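Visitor: In the order they appear, the protein sequences are chains Y and Z. Per full-length UniProt numbering, the first sequence starts with residue 1, numbered consecutively. Per full-length UniProt numbering, the second sequence starts with residue 1, numbered consecutively. Dropping the structure in here first, questions after.
There are 2 protein chains.
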Amino acid sequence: MSGGSRPSKSQRTRATLQEIALRLFDEQGYEATSVAQIAQEAGVSHMTFFRHFPSKEEVVLEDEYNPLLEELIRGQPATVSGVERVHAAVLTGLERLGESDRYALLRRVGLLLSIPALRSRIDENLASARTAFERGLAADGEDGTPSLAVRAVAAACSAVLSAAVVDWAQGEGEQDLAGLVDEAFRALRGAV
Amino acid sequence: MSGGSRPSKSQRTRATLQEIALRLFDEQGYEATSVAQIAQEAGVSHMTFFRHFPSKEEVVLEDEYNPLLEELIRGQPATVSGVERVHAAVLTGLERLGESDRYALLRRVGLLLSIPALRSRIDENLASARTAFERGLAADGEDGTPSLAVRAVAAACSAVLSAAVVDWAQGEGEQDLAGLVDEAFRALRGAV
DNA sequence: CCCAAAATGTTAGTAGATAACATTATTTCG
DNA sequence: CGAAATAATGTTATCTACTAACATTTTGGG
């Protein structure tokens, strides 16, 4: 065998399944694609699919950026307001996004928007962002459920961010995402 | 051709199904309750259930207050900020809520919170509120998709309202809902 | 009472998802 | 290397949400 450590078989299977699933969703639609078909084209049984993804929807729904955002928010100076902290953290996070990451995000959100059964779940995705924001905004000593004030601000920020991202994806990524984020946060600031 | 409207029986069946479903969800859990069981206890076939509710989830997910809110927002003076208009409209709407309506809302949101499969859908429920807010906030001449600014503000407001309602339901309705709404909007104002 | 529309039932089927158990790869270690 | 241990996958059976097509009953106005 060749030298380096290749990804485990499990990881390869998972990647293959996801790749094929997204391609099929794109080609023939989400509803029209059955898990059985995805598994078949990947050369595995349908059970293998469910061992890698808890549900068909999870192939599309996933967001790995929230932990990063939580850290970035916590890194902001406490002297500025909560919304400002989130705003700045999001911009910093965007700068760290590579071109390919950005393209993958665009493709995933675009797919989400085009699938009626999943469109409503965008807010679910948003919910995990909100949780991350809550953790990032909570005072250091705080434990347990965050206060209503923190939750309200986190909810507002994640909703505003979501609006910007959706706008970006609907415009096929032609507009600058950071610019749209700025615009959305500016709108919130102006409307309070 | 005589075509009268005679809707009575259908409405009774629907009400019975909903009543029994909510009771069973409460008694034995959402997952543990099958549509077949609901139908059986209601003395109808499972097809009748699906003729009245597009899905099992829809029995719990429903919100009839959004059109009212849209109207109330539009009725606010354009001289105040967007967030202020929504805030005031929500308070007015709450005043119009009767005691029984309030209790029904509390029970429904409480059930939503206790059902893992539906908990994430709270935001979906609020998505329709967001749409109503967008319509209420949009300038009169505007048509088609609202601007990013309007969408961002509407998203933030619906998210803030959601946080307050969830807080209220989690506290078993012991706190004053209007007070919590005030607190949440105040937090947003203070964090911008 | 009559009859057309509305409401409901029957039956059969698709698809997502889980469980239990068998089988095959992969890795680890003597 | 080669066998034991472990991880990954396959088979099969089953449950449940949900839909389609067609048959049957109920409802309420003329």
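Backbone N, C-alpha and C fix where the C-beta goes; we use that ideal spot for every residue, glycine too. In this text the structure is predicted, and so the values were computed from the model without any measurement.
Could you name the residues of chain Z that residue 155 of chain Y contacts, counting a contact when the two beta carbons are closer than 7 Å?
Guide: 159, 160, 162 and 163
Visitor: Start and end of the alpha helix (DSSP H) containing residue 139 of chain Y?
Guide: No alpha helix (DSSP H) contains residue 139 of chain Y, which DSSP labels as neither H nor E.
Visitor: Can you give me the Cβ contacts of residue 166 of chain Z inside the same chain, cut-off strictly under 8 Å, excluding the 5 residues immediately before and after it?
Guide: 109, 113 and 122
Visitor: Quick check on residue 32 of chain Y: does DSSP put it in helix, strand or coil?
Guide: Three-state DSSP puts residue 32 of chain Y in coil, outside helix and strand.
Visitor: Pair every Cβ in the segment 161-180 of chain Y with every Cβ in the segment 165-184 of chain Z, then say whether three or more of these pairs are closer than 8 Å.
Guide: Per the Cβ contact rule, the segment 161-180 of chain Y is not in contact with the segment 165-184 of chain Z (fewer than 3 Cβ pairs under 8 Å).
Visitor: For residue 117 of chain Z versus residue 58 of chain Z, is the C-beta spacing smaller than 8 Å?
Guide: Residue 117 of chain Z is not a Cβ neighbour of residue 58 of chain Z, given a cutoff of 8 Å.
Visitor: Counting only C-beta atoms, is residue 63 of chain Z closer than 8 Å to chain Y at any point?
Guide: no
Visitor: Quick one: using the 10 Å Cβ neighbour count with 16 as the cut-off for buried, is residue 82 of chain Z buried or exposed?
Guide: Answer is buried; the Cβ neighbour count reaches 16.
Visitor: If we define contact as Cβ-Cβ less than 8 Å, is residue 189 of chain Z a contact residue for chain Y?
Guide: yes
Visitor: Between which two residues does the alpha helix (DSSP H) holding residue 162 of chain Z run?
Guide: 148-170
Visitor: Less than 8 Å separating the beta-carbons of residue 163 of chain Z and residue 184 of chain Z?
Guide: The Cβ atoms of residue 163 of chain Z and residue 184 of chain Z lie closer than 8 Å to each other.
Visitor: Is there a C-beta anywhere in chain Y that falls below 8 Å from the one on residue 183 of chain Z?
Guide: Chain Y, which has a Cβ nearer than 8 Å to the Cβ of residue 183 of chain Z, makes this yes.
Visitor: What three-state label does DSSP hand residue 79 of chain Z in the structure shown?
Guide: coil
Visitor: For a contact defined as C-beta to C-beta under 8 Å, what are the partners of residue 60 of chain Z on chain Y?
Guide: The contacting residues do not exist; residue 60 of chain Z stays about 15 Å from chain Y at best.
Visitor: Helix, strand or coil: which one does DSSP assign to residue 53 of chain Y?
Guide: DSSP places residue 53 of chain Y in coil when its eight states are reduced to three.
Visitor: For a test of the three-state rule: what should DSSP assign to residue 63 of chain Z, helix, strand or coil?
Guide: coil
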